[in-house]
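Remarks on the structure that follows.
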Amino acid sequence: MKVIILALLVCPLLCAAENAKPTALMAGKVETGRTIFLEATVSASPADVFRLWTTVDGVKKFLAPDARIDATPGGRYQIIFFPSKDPEGTSHGTKGARVLKVVPNREFAFEWITFAGDDIAGQNAPPSAPPSAPPAQRNAQPLPTWVELSFEPISGQLNQTHLKFSHHGFGEGELWDRSYHWFERAWKGVLDQLTNYCQNQNHAEKTEEKS
Numbered sequence: 168m169k170v171i172i173l174a175l176l177v178c179p180l181l182c183a184a185e186n187a188k189p190t191a192l193m194a195g196k197v198e199t200g201r202t203i204f205l206e207a208t209v210s211a212s213p214a215d216v217f218r219l220w221t222t223v224d225g226v227k228k229f230l231a232p233d234a235r236i237d238a239t240p241g242g243r244y245q246i247i248f249f250p251s252k253d254p255e256g257t258s259h260g261t262k263g264a265r266v267l268k269v270v271p272n273r274e275f276a277f278e279w280i281t282f283a284g285d286d287i288a289g290q291n292a293p294p295s296a297p298p299s300a301p302p303a304q305r306n307a308q309p310l311p312t313w314v315e316l317s318f319e320p321i322s323g324q325l326n327q328t329h330l331k332f333s334h335h336g337f338g339e340g341e342l343w344d345r346s347y348h349w350f351e352r353a354w355k356g357v358l359d360q361l362t363n364y365c366q367n368q369n370h371a372e373k374t375e376e377k378s
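Here the sequence shown stands for residues 168 to 378, where the numbers follow the numbering used here.
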C-alpha cells in the first residue's frame, strides 16, 4: 500500500466546522475549545468502519503502511508512517499514543502524537520546536492531543455509516497554529482515503455478485 501522507494535502474537502461545541472530555485531557470537526458518509457498516480504525489490517487500508494496535482502553495506538526508516514510529508516527475509549462498533478515541509534513517543527500534535528555537517557543510539552470517532448507521440505507470525527486539544500560539492547520487538511485527506476504499470495496463486492 502506498504511503498516503503526500496525498493528504490534495484530497477534496469533506464537511468541516471549527470551534463547535466539544464532545465529552476524555479522562485526563484538557479541552481547549479549538477542535477540528469532520463528518463523512462511508459505504460500509458501522462494524466494518470501526474495524478499519481499530485493527492493524484496517489501518493499512487507508491510513498508514504499518501499526501496532491494542484496541482496549489504555492499549497502544502506534501508527507507523515510514516503517523502513522509522520502524517504531518514534519520529514519524504516534509512538506513545494510547487508546482512550472503546465502545464496539459505535465509538473509538485515541491520543495523537505525531509529526506532520516535511518541516516538522511546530506541526506536531502536540507541537515541538528545535533546540535552536527562541525560548518562548520551547515551552514544556503539553498533553497529547486526541481524536474521537463515532460510527452511526444511516436509517434506511444498508451498509452506510455516518462517521463523526473530532481532533481535540489544540493550544494557542504560532506552533499550535501550524499544527492545527496542517491536521485540518491532513485529516480531510485521511477520511477521503477511507471513503474511497470502502466505496471501491462495495463496488467490487457488487460486481462479484453479478458475475
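C-beta atoms are modelled at their ideal positions from N, C-alpha and C, and glycine is treated no differently.
When you compare each of the options to residue i by their alpha carbons, which one comes out closest?
i	options	result
P294	T257, W343, Q324	W343
L363	T202, A207, M193	Reading off the sequence shown, one finds Asn at residue 363, where the question assumed Leu. Ranking the options by Cα distance to N363, first place goes to A207.
G263	W279, L219, H335	W279
E372	H259, T221, A211, G225	A211
D233	P254, L219, D215, F217	P254
V266	S317, N367, P240	P240
A292	H334, G256, A276	H334
T328	R243, A214, F337	A214
H370	E341, N326, T221	N326
N367	G338, V209, S251, A194	V209
A194	I246, F277, G340, W349	F277
R352	L330, G338, F204, F248	F204
E274	R201, T199, L219	L219
F249	D224, T222, H259	H259
R201	S322, T261, V314	V314
What did DSSP end up calling residue i once you bin it into helix, strand or coil?
i	result
S295	coil
E319	strand
L230	coil
H329	strand
H259	coil
K268	strand
T362	helix
V314	strand
A183	Note on A183: pLDDT 36, under 50, position unreliable in the model; no value is reported.
V170	Low confidence applies here, because V170 scores a pLDDT of 46, under 50, leaving its location unreliable and the question unanswered by this model.
Hey, could you find the ends of the beta strand (DSSP E) residue i is sitting in?
i	result
A276	274–279
V209	203–209
Starting from residue i, follow the alpha helix (DSSP H) in both directions and report where the run begins and ends.
i	result
P240	It is not in any alpha helix (DSSP H) - P240 carries neither H nor E in the DSSP assignment.
F442	Beyond the ends of the chain as shown, which are 168 and 378, falls residue 442; an answer cannot be given.
Inter-stretch contact (C-beta, 8 Å, three-pair minimum) for the region 226–245 and the region 352–366: Cβ pair count under 8 Å is three or more, so yes.
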